[in-house]
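Working notes for the structure below.
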Amino acid sequence: MSADQSTAPAPVTAGGALALRFVGMRAVLRREFRGYFASPLGYIFIVIFLIASGYLMVSRDFGRFLEMREANLDALFSYMPWIFVVLVPAVAMRLWAEERRSGTVELLLTLPITLEGSYLGKFLAGWAFLAVSVLLTWPAVFQVARLGDPDWGAVFLSYVASLLAAAVLLAIGLLFSALSKNQVVAFILAVAASVGFLLIGVPQTQEFVGKWFGGYVERVVSSLSLVDHFETLTRGLLQLNSLLFFVLFTAGWLICGMLVLSRTKTN
Amino acid sequence: MTETDHADSVPPAVAAETAPREADAPGEVLISVTDLTKHYGPIRAVDGISFEVRRGDVLGFLGPNGAGKTTAMKMITGFLEPDAGAVLVAGLDVARDRLAVSRRIGYLPENAPAYGEMSVEAFLGFIAEARDLESPDAAIDSVIDVTHLRRVRGQTIETLSKGFKRRVGLAQALIHDPDVLILDEPTDGLDPNQKKVVQDLILSLSSNRCIVLSTHILDEAERVCNRAVILSEGRILVDSTPDDLVTRAPGHNAVRFRVVDGDADGVVAELSAAAWCAAARVLPNGEVEVEPRAGEDRLNDVLATVGERRIAGVRVREGRLDELFRDVTRGVAA
Numbered sequence: 001m002s003a004d005q006s007t008a009p010a011p012v013t014a015g016g017a018l019a020l021r022f023v024g025m026r027a028v029l030r031r032e033f034r035g036y037f038a039s040p041l042g043y044i045f046i047v048i049f050l051i052a053s054g055y056l057m058v059s060r061d062f063g064r065f066l067e068m069r070e071a072n073l074d075a076l077f078s079y080m081p082w083i084f085v086v087l088v089p090a091v092a093m094r095l096w097a098e099e100r101r102s103g104t105v106e107l108l109l110t111l112p113i114t115l116e117g118s119y120l121g122k123f124l125a126g127w128a129f130l131a132v133s134v135l136l137t138w139p140a141v142f143q144v145a146r147l148g149d150p151d152w153g154a155v156f157l158s159y160v161a162s163l164l165a166a167a168v169l170l171a172i173g174l175l176f177s178a179l180s181k182n183q184v185v186a187f188i189l190a191v192a193a194s195v196g197f198l199l200i201g202v203p204q205t206q207e208f209v210g211k212w213f214g215g216y217v218e219r220v221v222s223s224l225s226l227v228d229h230f231e232t233l234t235r236g237l238l239q240l241n242s243l244l245f246f247v248l249f250t251a252g253w254l255i256c257g258m259l260v261l262s263r264t265k266t267n
Numbered sequence: 268m269t270e271t272d273h274a275d276s277v278p279p280a281v282a283a284e285t286a287p288r289e290a291d292a293p294g295e296v297l298i299s300v301t302d303l304t305k306h307y308g309p310i311r312a313v314d315g316i317s318f319e320v321r322r323g324d325v326l327g328f329l330g331p332n333g334a335g336k337t338t339a340m341k342m343i344t345g346f347l348e349p350d351a352g353a354v355l356v357a358g359l360d361v362a363r364d365r366l367a368v369s370r371r372i373g374y375l376p377e378n379a380p381a382y383g384e385m386s387v388e389a390f391l392g393f394i395a396e397a398r399d400l401e402s403p404d405a406a407i408d409s410v411i412d413v414t415h416l417r418r419v420r421g422q423t424i425e426t427l428s429k430g431f432k433r434r435v436g437l438a439q440a441l442i443h444d445p446d447v448l449i450l451d452e453p454t455d456g457l458d459p460n461q462k463k464v465v466q467d468l469i470l471s472l473s474s475n476r477c478i479v480l481s482t483h484i485l486d487e488a489e490r491v492c493n494r495a496v497i498l499s500e501g502r503i504l505v506d507s508t509p510d511d512l513v514t515r516a517p518g519h520n521a522v523r524f525r526v527v528d529g530d531a532d533g534v535v536a537e538l539s540a541a542a543w544c545a546a547a548r549v550l551p552n553g554e555v556e557v558e559p560r561a562g563e564d565r566l567n568d569v570l571a572t573v574g575e576r577r578i579a580g581v582r583v584r585e586g587r588l589d590e591l592f593r594d595v596t597r598g599v600a601a
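Going down the list, the protein sequences come from chains D and Y.
Taken in order, the first sequence gives residues 1 to 267; the numbers are from our numbering.
Taken in order, the second sequence gives residues 268 to 601; the numbers are from our numbering.
Okay, here's the thing in structure tokens:
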């Protein structure tokens, strides 16, 4: 091999170029995930989440699990998005706001880590933490299996739907965390945006839209309903459009968040 | 528990290396800044500055608050994008190759931010992982030794004193043995003992790399830097060595003495008439002070003018960097 050839830069494949965009993601993911368990806050979050989901599952006013006498987990999962609306922003709020408040964002983004790598690393850490929280509801699955013969496909898809809903709401929370140095402000804005996102799917909103803007707009709004897509999956129906809804909206919010961070960082 | 640190905690091996270095043959250019400009809205924070820093240089960025020091450093590290101009680090364009540049730079941001909930060792472990070092454990051990953090390596960063936190910041900046060190006010807020520890550390690191540091402390620039740039309103006003700046400071080579028998006012009148004299006055303590023009050494001329009169306590004053700094940043040309 000639000297020229040996010093020529190696051709960058498409996979290599993609990997370059996410340099440093793994280090950020590991640091952030450990960070949740480095203080009592992570444990407090998990306890509150389990108490809230357990209460809503068995409460006579909400899930009525004990009164229904059916071997399914509808009572657990039907309120999951509404629990997430409050708790997921709590997981997301510190991820960028704290970095910006303490100045560590300057340290982080001058390491050999891309903005995309750090952003996705934080997202995946938060998502992994939420996954741990959701999977800690396993005693409910165990109990249902002991009492009857549940539809295991629906149970599995309910967990998948919960994780996908958590991903969308986490991406929203991350955007507001990137927008503000103040964690409380980031939390409030993320809750407000998440509630708004969920309210698109309630029947009253769709009726209102249908009445004022016609059936076509109503169908469009209906197709943007997180609650509808979530319920489709928890019923055990594996529909591509529902999966795409979650994936595309998560990606969209993540991209918006990266743009916001890039802009707030520069100015 | 909060740890404290003291100047005497610096081992002799490091303290011995702290004598100011003589300028060697010019090293390779490691930082090249050309017409760098940055606006924050209508405010021009950095206004077309250009300079080069070579291996072996310790360049001090001096200037009042808001002069543009931090903004310039943030652009050199690639954290901020300039509105115009270019920065090359080790020949790499920061705008195009930020990742490659970040592997050549160690950066201590203002106030040495770090993840307070992590232990020193875990924090350095994260930095080593982010930098994808081949032997992270060896790198951590080495940098902990260099920055004298061994006795606090397992301690949570938020419980450390400011001096130790600053050294943790230096440790993360040094862990990959970079060619270029950018230190934003590395001793700001430290007590005199802690300042000396950090300054000694910086001096010990300066032989085989280039260091750019910003500071408000002019004594620090004199002690640590072999080159000083004074910035004001985003522009470079002065770029020279601290020794040269001292000779350009007002009052450099001023002669002071006491007239033992005779009329001090008469001596002042005679001295003021000399062509080389910029100013002569009687100080409140009765001493006479004579400032020569352009900081020239005029001790012999002063003594000749005094003639046969008896004088005592003759001394020649060196210029002070802070006086030059005040002059320059007030808008008076150096």
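All residues carry an ideal CB built from backbone N, CA and C; glycine is no exception.
Inclusion of Asp589 (chain Y) and Leu485 (chain Y) in the CB contact set at 8 Å is warranted, their separation being smaller than that value. Look at Thr572 (chain Y): its C-beta is not under 8 Å from any C-beta on chain D. In this structure, Ala92 (chain D) lies away from Gly121 (chain D), with their beta-carbon atoms at least 8 Å apart.
Close CB contacts of Ala186 (chain D) within its chain, under the 6 Å cut and outside five residues either way in sequence, are with Met93, Ala97, Phe176, Ser177 and Ser180 (chain order).
Listed along the chain, the chain Y residues whose CB falls inside 7 Å of the CB of Arg31 (chain D) are Phe393. In terms of Cβ geometry, Leu130 (chain D) and Gly257 (chain D) do not form a close pair [threshold 8 Å]. Annotated three-state conformation of Tyr43 (chain D) is helix, per DSSP. Residue nearest to Leu427 (chain Y) within the set Y:Ser386, Y:Ser402, Y:His306 and Y:Ile442 is Y:Ser386 (criterion: CA-CA distance). By alpha-carbon distance to Pro380 (chain Y), the top candidate from D:Ile113, D:Leu108, D:Ala165 and D:Thr114 is D:Leu108.
At a cut-off of 8 Å between C-beta atoms, Thr264 (chain D) does not count as an interface residue with respect to chain Y. Under the DSSP definition of a beta bridge, Lys305 (chain Y) partners with Y:Val313. Where Ile469 (chain Y) is concerned, the enclosing alpha helix (DSSP H) starts and stops at Pro459 to Leu472.
Take the alpha-carbon of Leu538 (chain Y) and the one of Val557 (chain Y): they are about 7 Å apart. No Cβ-Cβ contact shorter than 8 Å links Arg523 (chain Y) with Ala579 (chain Y). DSSP places Gly210 (chain D) within a helical segment (H, G or I) once states are collapsed to three. Rounded to whole angstroms, the separation of the alpha carbons of Ser53 (chain D) and Ile478 (chain Y) is 55 Å. One thing to note: Thr104 (chain D) has its Cβ no nearer than 8 Å to the Cβ of Leu50 (chain D).
DSSP, reduced to helix, strand and coil, places Glu452 (chain Y) outside both helices and strands of the structure shown, so it counts as coil. With contact defined as three or more Cβ pairs closer than 8 Å, the stretch 404-419 of chain Y and the stretch 435-448 of chain Y are in contact. With a threshold of 8 Å between beta carbons, Pro203 (chain D) makes no contact with chain Y. Residues Ala165, Ala166 and Leu169 of the same chain have their beta carbon placed closer than 7 Å to that of Phe84 (chain D), with the five preceding and five following residues left out of the count.
In this chain, the alpha helix (DSSP H) harbouring Asp404 (chain Y) covers Pro403 to Val413. In this structure the stretch 322-330 of chain Y touches the stretch 468-478 of chain Y; the number of beta carbon pairs closer than 8 Å is three or more.
For the stretch 371-383 of chain Y, the beta-carbon criterion of a distance under 8 Å to any beta-carbon of chain D is satisfied by Ile372, Tyr374, Pro376, Glu377, Asn378, Pro380, Ala381, Tyr382 and Gly383. In the three-state scheme derived from DSSP, where H, G and I count as helix and E and B as strand, Ala154 (chain D) is classed as helix. Bounds of the beta strand (DSSP E) holding Tyr374 (chain Y) are Ile372 to Leu375.
A direct Cα-Cα distance of roughly 21 Å separates Val86 (chain D) from Phe245 (chain D). The stretch 58-74 of chain D makes no contact with the stretch 343-353 of chain Y; the number of CB pairs closer than 8 Å stays below 3.
Using a CB distance below 7 Å, the part of the stretch 73-106 of chain D facing chain Y consists of Ser102, Gly103, Thr104 and Glu106, ordered along the chain. For Thr344 (chain Y), the chain D residues whose Cβ falls inside 7 Å of its Cβ are Thr110, in order along the chain.
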